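**Student:**
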Amino acid sequence: MVNKNFIVNKEDSILKVIEKIELSGHRTVFVVEKNKIIGCVSEGDIMRALINEKKVESSNQNIMNKSFIFLEKENLKEAKNLFINTLSSVIPIVNKKMEILDILTLESFLSKHV
Amino acid sequence: MKLLFFTGSRSEWGYLRPILEICKRNRISFKICASNMLILDSFGDASKEIEKDGFKINDKIFMALDGHTNTTMTKSLGILLSSFTDTLSREKPDWLILAGDRGETLIAAIAAAYMNIPIAHIQAGELSGNIDGQARHAIGKFAHLHFASNKDASNRLIKLGEQKFRIFNYGAPQLDDLVNKKYMNIDIKDLEKKYNINLKKNYIISVYHSVVEEGLKNKDNFGKYMKFINSIKGYNKIWITSNNDAGSNMIKDIFYQNRSSDDYLFNNLPRKDYLCFMKYSKMIIGNSSSGIIESSTYKIPCINVGRRQNKRFRPKNVIDVLEISNSKLNKAFNKSISKKYIKSLSSIENPYGDGRSSLKIINRILKTKINEKLIYKELEY
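Order-wise, the sequence lines are chains C and A.
Heads up, the first sequence is in this note's numbering, so the first residue is 2 and it goes up one at a time.
Heads up, the second sequence is in this note's numbering, so the first residue is 138 and it goes up one at a time.
#1: Please confirm whether valine 18 of chain C and isoleucine 47 of chain C have their CB atoms less than 9 Å apart.
#2: Which residue from A:Lys374, A:Leu328, A:Asp313 and A:Leu412 puts its Cα closest to that of isoleucine 159 of chain A?
#3: How is the alpha helix (DSSP H) around serine 359 of chain A delimited, first residue to last?
#4: Need the endpoints of the beta strand (DSSP E) that aspartate 190 of chain A sits in, please.
#5: Could you tell me how far apart the beta carbons of glycine 384 of chain A and glutamate 431 of chain A are, in whole angstroms, since I believe they sit closer than 8 Å?
#6: Excluding the five sequence neighbours on either side, which residues of its own chain have a C-beta within less than 7 Å of the C-beta of alanine 183 of chain A, listed in chain order?
#7: For the beta strand (DSSP E) that contains aspartate 203 of chain A, what are its first and last residues?
#8: In whole angstroms, what separates the C-alpha of serine 347 of chain A from that of isoleucine 52 of chain C?
#9: Check whether chain A comes within 9 Å of asparagine 10 of chain C, counting only Cβ atoms and requiring the distance to be less than that.
#10: Which one of A:Asp357, A:Tyr332 and A:Asn207 has the shortest CA to CA distance from aspartate 410 of chain A?
#11: Helix, strand or coil for aspartate 457 of chain A? Go by DSSP, reduced to three states.
#12: Under the DSSP definition of a beta bridge, which residues are partnered with tyrosine 401 of chain A?
#13: With distance defined between alpha-carbon atoms, name the residue in A:Gln394, A:Ile165 and A:Thr434 nearest to alanine 309 of chain A.
#14: What does lysine 97 of chain C reach in chain A if we use C-beta pairs closer than 9 Å?
#15: Mind checking leucine 83 of chain C: buried by the 16 CB within 10 Å criterion, or exposed?
#16: What are the boundary residues of the beta strand (DSSP E) that serine 343 of chain A is part of?
#17: Going by beta carbon distance, what residues of the same chain come within less than 6 Å of isoleucine 216 of chain A, once the five residues before and after it are set aside?
#18: Given a cut-off of 9 Å on the beta-carbon distance, is the pair isoleucine 502 of chain A and leucine 225 of chain A in contact?
#19: Please compile the residues from chain A whose C-beta is within a distance smaller than 7 Å of the C-beta of glutamate 34 of chain C.
#20: So the beta strand (DSSP E) phenylalanine 71 of chain C belongs to, where does it begin and stop?
#21: Can you list, in chain order, the residues of its chain with a C-beta nearer than 7 Å to that of isoleucine 101 of chain C? Leave out the 5 residues immediately preceding and following it.
#22: Between which two residues does the alpha helix (DSSP H) carrying leucine 24 of chain C extend?
#23: Is there a C-beta anywhere in chain C that falls below 9 Å from the one on aspartate 196 of chain A?
#24: Using the Cα positions of threonine 209 of chain A and glycine 262 of chain A, report the straight-line distance between them to the nearest angstrom.
#25: For isoleucine 39 of chain C, decide whether its Cβ has a neighbour in chain A, counting only Cβ atoms nearer than 9 Å.
#26: Would you mind telling me which residues of chain A sit closer than 7 Å to asparagine 63 of chain C, beta carbon to beta carbon, in chain order?
#27: Against leucine 402 of chain A, what residues of chain C qualify as contacts under a CB-to-CB distance less than 8 Å, listed in chain order?
#28: Could you give the DSSP three-state label for leucine 140 of chain A: helix, strand or coil?
#29: List the residues that DSSP assigns as beta-bridge partners of glutamate 34 of chain C.
#30: Once DSSP output is grouped into helix, strand and coil, what is the label at glutamate 108 of chain C?
#31: Whose Cβ in chain C lies nearer than 7 Å to the Cβ of asparagine 333 of chain A?
#32: List the residues that DSSP assigns as beta-bridge partners of isoleucine 256 of chain A.
#33: Answer yes if the stretch 485-497 of chain A comes into contact with the stretch 445-459 of chain A, meaning at least three C-beta pairs across the two stretches below 8 Å, and no otherwise.
#34: For the beta strand (DSSP E) holding isoleucine 422 of chain A, just list the boundary residues, first then last.
#35: Can you check DSSP and say which residues form a bridge with alanine 285 of chain A?
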């Protein structure tokens, strides 16, 4: 079961995304439509949106990243590389159809493997 | 001499950038006006890449209304017409330089022509399959200098009644970078690391834009196309997001609904990364002009789908699939991966340019006298 705090809809406002990021305890949330992941929004994206004077009430779909990292299964080597290369602390795990199955957080990864 | 460059999409920027580099090196005074997709976050905001390349965008005109229907697209063009007129009257350029066949480019040309500002049109005279093709010819009617990228296009301009002294066949400036190997020193491993993709696995590039006048048929066509791409096993697929023409929302919805884990989507790759992806890919498929104009430099197959690039002058690496169906796409795909076909591409040359187009174009513009003969066009037919 995916932690709902990591999931937003593309119509959700930037404000709502900020709330979710706060609840998730991480810096990125994922935009999901019909159970498929279509993008992600990070704190950095929100900062850039605010600098560009975007309204916090506007929907997040214009600031979401359509390119994002993901894994098909929790693979120790690939996950480690992704965490190191991207400095992200969360990686979504998806199936072949890009449906979101789980979210791998850095702390759960470390507690399991280190 | 004051030059104003207008651009509304990343593909046009590819044409203009090599020319602007020459201007910068030679301290030729210029300004850049950017509009439409080029400055929109939701299309990857290429203006940041332009600024990273060391250019300043002097004027940004936001024009695109959301909705991406034929109505919003047309209304958006109206917004550009009134805004760009102000830009021209403020900047008073000696030349407006623009490229390609997009609606926003036509609008920029109309504004300049009615204000008696000479227009230089790059990539003039070609045929393209959808409403862009009509826009390109219409831009030709307003332009004062036509820079064609091949003989076929320059002949067409003459047939369309343009005066010969205005027409120059100088090749496509966007190829200058490719031909001059400027971007060839990127290591595929750097790309792998930057984008976190396994490029050891074979991959193809897919770029598919909506075809404006096909309306709801876009949904059907793209659905079939996507289904076919999904059926290709053993390859990663690198997708570049479609532009914001009417019908693009339908394409995005279908993409997201059918996306699989070997589909990698990019909003807007820096040009050097895009070219590097292309260089190492097994083929480019879709309906982008990049496949027609650029891919033959890298001697990779291009499967051109549908009518968007209809009748455009083609290098020998282009396999056309006019009517989108699984069996026809499959046949083209199998041909493109056959050893015999790939071998046949090893000796092809890109007919769109010799790598020196930009210099010829800018020299011609600077040498052209701005006088009545130039400004008052006589249509030969």
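We put the beta carbon where it would ideally sit given N, CA and C, even for glycine.
Remember, predicted model here, so these are calculated numbers, not experimental data.
**Tutor:** Per the coordinate set shown:
#1: In contact: valine 18 of chain C and isoleucine 47 of chain C (Cβ atoms closer than 9 Å).
#2: Closest option to isoleucine 159 of chain A, Cα to Cα, is A:Asp313.
#3: This sequence places phenylalanine at residue 359 of chain A; serine is not what is there. Start and end: 354-368.
#4: Premise fails: aspartate 190 of chain A is in no beta strand (DSSP E) and is neither H nor E.
#5: In fact, because the Cβ distance is near 24 Å, the residues do not count as touching under 8 Å.
#6: Hits under 7 Å: Arg147, Trp150, Leu175 and Asn405.
#7: For aspartate 203 of chain A, no beta strand (DSSP E) run applies, since DSSP gives it neither H nor E.
#8: Serine 347 of chain A and isoleucine 52 of chain C have their C-alpha atoms some 32 Å from each other.
#9: Proximity of asparagine 10 of chain C to chain A, defined by a Cβ-Cβ separation below 9 Å, is not satisfied.
#10: Considering only alpha carbons, the answer is A:Tyr332.
#11: Three-state DSSP puts aspartate 457 of chain A in a strand.
#12: As a beta-bridge residue in DSSP terms, tyrosine 401 of chain A pairs with A:Ile375.
#13: Residue A:Thr434 is the option with its Cα nearest to alanine 309 of chain A.
#14: Correct list: Ser397, Ser398 and Asp399.
#15: Leucine 83 of chain C comes out buried.
#16: First-last of the beta strand (DSSP E) with serine 343 of chain A: 340-344.
#17: Residues of the same chain with a CB within less than 6 Å of the CB of isoleucine 216 of chain A, apart from the 5 flanking positions on each side, are Met200 in chain order.
#18: No. Outside cutoff.
#19: Within 7 Å Cβ-Cβ: Tyr393.
#20: For phenylalanine 71 of chain C, no beta strand (DSSP E) run applies, since DSSP gives it neither H nor E.
#21: Cβ within range, chain order: Val3, Phe31, Val33, Asn36, Ile38, Pro93 and Val95.
#22: First-last of the alpha helix (DSSP H) with leucine 24 of chain C: 15-25.
#23: Not closer than 9 Å to any Cβ of chain C, the Cβ of aspartate 196 of chain A fails to qualify, so no.
#24: One Cα belongs to threonine 209 of chain A, the other to glycine 262 of chain A, and the distance between them is close to 28 Å.
#25: At least one chain A Cβ lies under 9 Å of isoleucine 39 of chain C.
#26: Those are Asp178 and Ser179, listed as they occur along chain A.
#27: Think of a sphere of 8 Å around the beta carbon of leucine 402 of chain A: the chain C residues whose beta carbon falls inside it are Lys67 and Ser68, in chain order.
#28: Three-state result, leucine 140 of chain A: strand.
#29: DSSP output for glutamate 34 of chain C lists C:Lys37 as bridge partner(s).
#30: Residue state for glutamate 108 of chain C is assigned as helix, using DSSP reduced to three classes.
#31: At a beta-carbon threshold of 7 Å, the residues of chain C lying near asparagine 333 of chain A are Ile70, Leu83, Asn86 and Thr87, ordered along the chain.
#32: Answer by DSSP bridge pairing, in chain order: A:Leu233.
#33: A contact is defined here as three or more CB-CB pairs under 8 Å, and the stretch 445-459 of chain A meets this definition with respect to the stretch 485-497 of chain A.
#34: Taken as a continuous stretch (DSSP letters only), the beta strand (DSSP E) holding isoleucine 422 of chain A covers 421-423.
#35: BP columns for alanine 285 of chain A point to A:Asn306.
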